[in-house]
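Data first, discussion second: the structure below is written as structure tokens.
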Amino acid sequence: MDASSSPSLSAAPAPAQPVRGTLRFPTMVHFIMASVVLTPLALLPYLPIRARLVRLSRQVQGCNKAIAALRQDVTSVSHAEDMVGLKAEVEALRRSNAAAREQLASATRDLTAMREAIAASIAQQNAIAHSVNEELAQLRARADLPPDVLGGLGDGFAAMANFVEETEIIFGLNTRAGLDLDRRGISTMRQTALRLKALRETGPAYGTDSSWPGRTAE
Numbered sequence: 000m001d002a003s004s005s006p007s008l009s010a011a012p013a014p015a016q017p018v019r020g021t022l023r024f025p026t027m028v029h030f031i032m033a034s035v036v037l038t039p040l041a042l043l044p045y046l047p048i049r050a051r052l053v054r055l056s057r058q059v060q061g062c063n064k065a066i067a068a069l070r071q072d073v074t075s076v077s078h079a080e081d082m083v084g085l086k087a088e089v090e091a092l093r094r095s096n097a098a099a100r101e102q103l104a105s106a107t108r109d110l111t112a113m114r115e116a117i118a119a120s121i122a123q124q125n126a127i128a129h130s131v132n133e134e135l136a137q138l139r140a141r142a143d144l145p146p147d148v149l150g151g152l153g154d155g156f157a158a159m160a161n162f163v164e165e166t167e168i169i170f171g172l173n174t175r176a177g178l179d180l181d182r183r184g185i186s187t188m189r190q191t192a193l194r195l196k197a198l199r200e201t202g203p204a205y206g207t208d209s210s211w212p213g214r215t216a217e
């Protein structure tokens with residue numbers, strides 16, 4: 000066969016051009032968004048528990064009022080038959096009250112467990128935000144991020160900060176005496192979100208920027 004008509008087997012494919020080191024950030028943005036969307040699902044079991052807790056509390060209060068009223072009636076009843084009937088009714092109310100108290104204690108335990116789970120979820124979100132912030136701090140001196148990536152990261156940080164703050168308000172975690180108001184990094188996440196959105200519009204060089212949260216001027 001003629002060598003000129005055969006296909007060339009010695010030609011090597013052109014080496015792939017290196018891709019800029021920003022492909023990992025869309026994945027990071029998706030991870031943050033997924034965490035923000037999935038974490039509120041942990042709050043769903045809290046709603047029926049809270050409703051049952053309120054209902055049981057009202058039932059206990061109603062039983063206590065009924066017992067008090069029957070006790071007053073007992074002191075004014077003169078007939079033995081009426082006395083026996085009232086005592087039986089009081090005993091039934093006492094048993095109902097005891098059962099309601101037990102259910103109330105069980106609901107309180109469930110609510111405590113739910114609060115602990117939410118606190119653990121908040122701590123996990125804070126750890127994710129801290130990890131992402133550290134990676135940004137390491138990469139901001141050597142690569143510029145696309146504006147859409149910066150905007151996505153900023154929106155993710157803002158959503159996480161709002162979720163953490165709303166969760167703390169629901170469970171009363173921000174009203175404890177002596178609690179550091181930014182212990183879970185809400186202000187830091189919001190500052191980072193604002194900074195990322197500002198960088199999306201202005202696009203300063205990372206190597207000369209010193210206004211990130213936790214970064215001091217060199």
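Note that numbering that gives the first Met the number 0 has the sequence shown beginning at 0, numbered continuously upward.
Backbone N, C-alpha and C fix where the C-beta goes; we use that ideal spot for every residue, glycine too.
Check: Alpha-carbon to alpha-carbon, I66 and V89; Outcome: 6 Å
Check: Where P44 sits in the DSSP three-state scheme; Outcome: coil
Check: Residue of S95, R70, T191, N96 minimising C-alpha distance to G84; Outcome: R70
Check: Three-state class that DSSP yields for E167 in the structure shown; Outcome: helix
Check: Proximity below 7 Å, CB of F156 to CB of T191; Outcome: yes
Check: 6 Å CB neighbourhood of E164 in its chain, flanking five on each side removed; Outcome: I185
Check: Burial state of G20, where buried means 16 or more other Cβ atoms lie within 10 Å; Outcome: Per-residue confidence for G20 stands at a pLDDT of 47, beneath the threshold of 50, marking its modelled position as unreliable; the derived number appears in the next sentence. By the neighbour-count rule (16 or more Cβ atoms within 10 Å), G20 is not buried but exposed.
Check: For A197, three-class secondary structure by DSSP; Outcome: helix
Check: Sequence-distant residues of the same chain with beta carbon closer than 7 Å to M188, five excluded per side; Outcome: A128, F156, M159, A160
Check: Residue environment, Q123, which counts as buried when at least 16 other CB atoms sit within 10 Å; Outcome: exposed
Check: Cβ shell of L92 (< 8 Å), same chain only, five flanking positions each side left out; Outcome: C62, A65, I66, L69
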